[in-house]
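The block underneath contains the structure these notes are about, expressed in structure tokens.
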Amino acid sequence: MDKKRLQYRWDEAHRLLSQAERIVCSTHFNPDGDGLGSQLALVRYLKNQGKECRILNPSVLPSEYKFMAEYCEFEVYDRSLHSDWVKSSDLAVILDIGDFKRLNELGEDIQTFGLQSLSIDHHPQDEPNGFDYTMHDISACATGYLIWEYLQYTMMLNGKFELNSKIAHGLYIAVMTDTGSFRFNNTSPEAHDMASEMIRLGVLPHEVYKEVYEVNSVEKMRLMGTALRNIKIEGGGQLAWFPVTMKMIKEAGATHADVSGFTDLVRTIGGVEVTLMIHEIDNNRCKANFRSKGKIRIDELARRLGGGGHPFAAGSTLEMELDKAIKYVVSETLDVIKSQSNMGGGK
Ligand SMILES: [Mn+2]
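With our numbering as the guide, the letters of the sequence shown map in order to residues 2 to 348.
Take a look at the structure:
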């Protein structure tokens, strides 16, 4: 990216980050590798700049990202413990969040305290989105990519090389996980440029892959087995959907977080365009998780069902019991597949 454009994009965010002394960094509820890797990189950088900076998240580290605690402190926001610290901060920098509400209590407190907030993100967002300042680019493959861009901007400004192997590690986790290990449709030349730069800085791709992906529990595998046995194919083979019930989770000895990655896996079925997981959270609440191979957009559907996300990876929470949620979401999804297949000339 040329200097002028880099400057234009990052001047405001940089002014906020460099003026602040005490900075809260957060990401969305149920964080993913992009949010956490971006936090790891940005907070390490800011601390190197002498800032007092703390990661306060709405949720604990998911089991597959527990290893990241070795590299940085990830705290769970607790009003009684942290609100004074947040109140006396100068800035909240929020990463990879499509929706302010996904900050839970921390978001409420940021607003109550009138703390300045800056969002750095690549999700499509509604306006107004609750943030005072935004650096949003939906064409970025990952939020981590935007952090890398910011670090390049600071290098340009200071003439100093600020990236080290530890920062690169966080950034590599971000881009690797959000591109599905460089295979999703957001895998751009820029994603590979960034990855190759991170490798030059000392990141070992096979090691990162191992620490993120090759740590499944046997309980998760058992739950996956049950989920896979229950796949239903509809819509002329274009939709594969499956439920994950509380009973299935209990019988496998697994947890709700163990469902991560299931929908992507089911999408690998030949001929399937859209996959849908209906995950029963409690008696009256289910989550619908959508993935598309790229022909059918599912973000509008997810938004219509009260959720959101990217064009080909999105989700919603439904306040209804499992059977009702299945009936409703499957039929809505089939309608979307049908109408978009027709639009494409029946291809
Ligand atoms: Mn992301």
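Ideal Cβ positions, reconstructed from N, Cα and C, are used throughout, including at glycine.
The structure displayed is predicted, hence computed values, not measured ones.
Rounded to whole angstroms, the Cβ separation of ARG23 and SER90 is 4 angstroms, and the two are in contact under 8 angstroms. Checking the 8 angstroms criterion, the Cβ of ASP100 is out of range of every heavy atom belonging to ligand 1. For MET321, there is no enclosing beta strand (DSSP E), since its DSSP letter is neither H nor E. In this structure, the C-beta of GLY36 approaches ligand 1 to less than 8 angstroms from one of its heavy atoms. Taking a C-beta distance under 9 angstroms as the contact criterion, LEU92 and VAL44 do not qualify as a contact pair. DSSP lists ASP283 as the beta-bridge partner residues of ARG286.
Around the beta carbon of ASP85, fewer than 16 other beta carbons sit within 10 angstroms, so the residue counts as exposed. Note that the C-beta distance between LEU107 and VAL94 is not below 9 angstroms. In this structure, the C-beta of ASP179 approaches ligand 1 to less than 8 angstroms from one of its heavy atoms. Counting along the chain, PRO190 sits inside the alpha helix (DSSP H) bounded by residues 190-201. Closest in alpha carbon position to LYS167, among MET157, ILE200, ASN159 and GLU128, is ILE200.
MET249 sits close to THR227, with the two beta carbons spaced by under 9 angstroms.
The beta-carbon distance between ASN290 and THR264, rounded to whole angstroms, is 5 angstroms. This is short enough to meet the 8 angstroms contact definition. If you draw a 10 Å sphere on the C-beta of HIS123, you find 16 or more other C-beta atoms in it, and that means buried. Ranked by Cα distance from GLY131, the options LEU205, ILE56 and ILE111 are led by ILE111.
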